[in-house]
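J.: Dropping the structure in here first, questions after.
In the numbering used here, the protein residues as written are 387 to 505.
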């Protein structure tokens, strides 16, 4: 029984996430990301609003990175790695590095690390 459970877990990890779950997480991330961008464009956003939006953005980044879907990770990297707030860049880098096993995402993270070292 233990071997069957291990097989199911390994196949589930190798297969990747449910496509509907990936779409939902991407949509949620894009909504939260745009909301955070709008808050940054405000003249004087309230600190509590910024903290709340930042917490939502961190959760969305973590969720999208943990799905282990190469396309979702690519969306995450392209939208966050050039963000003007450094914590967004750093948090995305750490989340993808820790949670993703796809080679294309790991290559993108390695390229980002090289760019950071050059600067």
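Virtual Cβ for every residue (Gly too), placed ideally from N, Cα, C.
On the CB-based measure, 16 or more other CB atoms within 10 Å of its CB, does residue 443 come out buried or exposed?
T.: buried
J.: Short of 6 Å in beta carbon distance, which residues of its chain neighbour residue 490, apart from the five on each side in sequence? Order them along the chain.
T.: Excluding residues within five positions, the ones whose Cβ falls inside 6 Å are 456.
J.: Please say whether residue 477 and residue 495 have beta carbons closer to each other than 8 Å?
T.: no
J.: Would you report the Cα separation of residue 453 and residue 434, rounded to the nearest angstrom?
T.: Between the C-alpha atoms of residue 453 and residue 434 there is a straight-line separation of about 29 Å.
J.: Give the C-beta separation of residue 416 and residue 439 to the nearest angstrom, bearing in mind that I take them to be a contact with Cβ-Cβ under 8 Å.
T.: Their Cβ separation, rounded to whole angstroms, is 14 Å, which puts residue 416 and residue 439 out of contact at 8 Å.
J.: What is the rounded straight-line gap between the Cα of residue 471 and the Cα of residue 482?
T.: 17 Å
J.: Here's the rule: buried if 16 or more other CB atoms are within 10 angstroms of the residue's CB, otherwise exposed. What is residue 464?
T.: exposed
J.: Excluding five sequence neighbours on each side, which residues of the same chain lie with their C-beta closer than 7 Å to the C-beta of residue 459?
T.: Taken in chain order, the residues that qualify are 451, 482, 486, 488, 491.
J.: When you compare only the Cα positions, how much space is there between residue 411 and residue 449?
T.: 7 Å
J.: Determine the direct distance from the alpha carbon of residue 446 to that of residue 418, and round the result to whole angstroms.
T.: 7 Å
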